[in-house]
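**Student:**
Structure, rendered in structure tokens:
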């Protein structure tokens with residue numbers, strides 16, 4: 005009788021949870037591992053949902069691990085040089101140096117593993133069939149989860165020359181109400197294509213929205229439809245419509261390029277739903293004021309460089325080669341200064357988007373770009389000042405934008421400041 009009761013208790017007991025499912029419920033104590041390859045040959049992580057599968061695990065490009073290991077690599081190279089030197093020039097001091105370098109290598113290795121490798125290894129982007137989970141940190145781990153059904157657009161960019169050569173860059177994910185940025189990702193184009201494919205599958209799996217039932221009376225249905233439609237504000241002008249979109253797969257930003265024929269893209273990156281409303285150029289008065297002196301100097305020196313040698317002045321005739329070198333150098337510098345002044349003027353613009361204001365200051369074509377930005381909601385006050393009578397007649401002035409908790413943004417010498 006007792007054996008039958010024990011058998012019934014075994015049959016009615018709760019089934020044992022599979023090991024992989026038990027591991028998903030949370031990270032094990034006294035451990036830092038947040039990913040493991042399960043018995044089903046698939047990756048699992050703590051907090052994974054039942055119907056969620058890991059598609060790809062991404063870490064930063066290996067190049068950032070190499071740069072962190074430079075002290076260790078340098079110590080290894082030094083050890084090789086010492087071994088080579090001990091073979092060429094036998095001396096008891098080599099053994100002492102070898103011991104020091106071996107200790108240095110051991111210290112550099114321990115420091116690299118703890119400070120850099122563990123940090124790099126645990127800094128992961130887990131791309132699943134539903135979301136992207138960014139996990140990082142060793143002693144104080146942090147996690148950010150981004151659902152893919154909230155994604156509006158995905159862009160990518162190779163930000164630096166090293167990124168272009170080694171094929172790593174930034175993946176910018178534009179969300180509803182925010183953005184998620186994945187930096188230093190290997191092969192960002194493939195990552196973008198992967199995320200786009202998952203998003204398409206999620207959208208295709210969603211059931212189509214059904215229209216709510218109507219009362220069947222045309223007049224009442226027309227009123228209900230009219231009330232259901234929200235009145236949208238009039239759209240703002242899109243200043244980028246006249247510019248060519250050179251990289252459709254790239255991150256969102258102003259389409260206007262810099263540097264003339266070089267077509268250097270602007271480093272500003274837009275948020276979700278952001279676009280350019282207006283480009284504001286500084287007044288031509290600024291350009292004429294800056295270029296006046298070089299133009300006058302060129303107009304004076306260019307004729308003199310040919311006229312003075314023709315007068316057969318003894319001093320110039322005896323130093324004619326030096327004369328042409330000096331004058332040629334001065335005229336070349338004046339021409340270059342005129343070109344730089346024009347380029348800097350053309351590239352010094354203010355960008356007004358539907359969300360923010362950007363003050364772009366690019367210097368020397370492509371060597372330096374500085375930009376400052378502010379959101380419209382942080383503006384306290386806007387003031388206009390005209391410093392002199394001439395600018396008042398030309399309708400040129402300075403616009404001061406007061407910002408809460410930040411220095412005032414000044415838009416100097418712009419046309420029609422009021």
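Numbering (our numbering), first residue to last: 5 to 422.
Beta carbons: idealized from backbone N, C-alpha and C, even for Gly.
(1) Would you call the region 155–164 and the region 177–194 in contact, with 3 or more CB pairs under 8 Å?
(2) Inspect the beta-carbon positions of residue 402 and residue 386 and report whether they are closer than 9 Å.
(3) Count the C-beta pairs between the region 306–315 and the region 391–398 that are closer than 8 Å, then say yes if the count reaches three, no if not.
(4) Count Cβ pairs between the region 101–109 and the region 128–142 that sit closer than 8 Å; are there 3 or more?
(5) Only counting the same chain, and skipping five residues up and downstream in sequence, which positions put a Cβ closer than 6 Å to that of residue 149?
(6) Could you have a look at residue 125 and say whether DSSP puts it in helix, strand or coil?
(7) Run the CB neighbour count on residue 196, radius 10 Å, all protein chains shown included, and call it buried at 16 or more, exposed below.
(8) Here's the rule: buried if 16 or more other CB atoms are within 10 angstroms of the residue's CB, otherwise exposed. What is residue 145?
(9) Whole angstroms is fine: what's the gap from residue 418's alpha carbon to residue 274's?
(10) Alpha carbon to alpha carbon, how far is residue 230 from residue 165? Give it in angstroms, no decimals.
(11) I believe residue 133 touches residue 87 by the beta-carbon criterion, under 8 Å. Please report the beta-carbon distance rounded to the nearest angstrom.
(12) Return helix, strand or coil for residue 39, following the three-state DSSP convention.
(13) Which word fits residue 343, buried or exposed, when buried means at least 16 other C-beta atoms lie within 10 angstroms of its C-beta?
(14) From the DSSP secondary-structure annotation, give me the bridge partner or partners of residue 60.
(15) For a test of the three-state rule: what should DSSP assign to residue 47, helix, strand or coil?
(16) Can you tell me the Cβ-Cβ gap for residue 384 and residue 406, rounded? I've got them flagged as a contact below 8 Å.
(17) Tell me which residues share the same chain as residue 331 and place their Cβ nearer than 6 Å to its Cβ, disregarding the 5 neighbours each side in the sequence.
(18) Between the beta-carbon of residue 292 and the beta-carbon of residue 400, is there less than 9 Å?
(19) Is the CB-CB distance between residue 257 and residue 271 below 9 Å?
(20) Is residue 157 helix, strand or coil when you go by DSSP?
(21) Buried or exposed for residue 49, going by 16 or more other Cβ atoms inside 10 Å?
(22) Which runs of the alpha helix (DSSP H) fall wholly inside the region 152–228 and span at least 4 residues, in chain order?
(23) DSSP three-state label for residue 419, please.
(24) Measure the alpha-carbon distance for residue 404 versus residue 334 and round it to whole angstroms.
(25) Could you pull the start and end residues of the alpha helix (DSSP H) that residue 292 belongs to?
(26) Hey, how far is the Cα of residue 420 from the Cα of residue 341?
**Tutor:** Here's the rundown:
(1) Yes, they touch.
(2) At least 9 Å separates the beta-carbon of residue 402 from that of residue 386.
(3) Contact between the region 306–315 and the region 391–398 is absent: fewer than three C-beta pairs spanning the two stretches fall below 8 Å.
(4) With a cut-off of 8 Å, the region 128–142 and the region 101–109 do not count as touching, because too few Cβ pairs lie within range.
(5) The beta carbon of residue 149 sits closer than 6 Å to the beta carbons of 135 and 137 from its chain, once the five residues preceding and following it are set aside; these are given in chain order.
(6) In the three-state DSSP reduction, residue 125 falls in the helix class (H, G or I).
(7) Classification for residue 196: buried.
(8) It is exposed - the Cβ of residue 145 has fewer than 16 other Cβ atoms within 10 Å.
(9) The alpha-carbon atoms of residue 418 and residue 274 are separated by roughly 24 Å.
(10) Cα-Cα distance, rounded: 54 Å.
(11) The Cβ separation is near 53 Å, so there is no contact.
(12) Residue 39 falls in the strand class under three-state DSSP.
(13) Burial is judged here by how many other beta carbons sit within 10 angstroms of a residue's own beta carbon; residue 343 has fewer than 16 and is exposed.
(14) Answer is 131.
(15) DSSP, reduced to helix, strand and coil, places residue 47 within a strand of the structure shown.
(16) With a Cβ gap of about 4 Å, residue 384 and residue 406 count as contacting.
(17) Once the five neighbours on either side are set aside, the close Cβ partners of residue 331 are 309.
(18) Contact: no.
(19) A contact, by the Cβ cut-off of 9 Å.
(20) It is a strand residue.
(21) Looking at its Cβ environment, which holds 16 or more other Cβ atoms inside 10 Å, residue 49 is buried.
(22) For the region 152–228, whole alpha helix (DSSP H) runs of length 4 or above, ordered along the chain, are 165–170 and 192–209.
(23) In the three-state scheme derived from DSSP, where H, G and I count as helix and E and B as strand, residue 419 is classed as strand.
(24) Those two C-alpha atoms are separated by around 39 Å.
(25) If you look at residue 292, you'll find it in the alpha helix (DSSP H) that goes 288–314.
(26) Looking at the two C-alpha atoms, the distance is approximately 29 Å.
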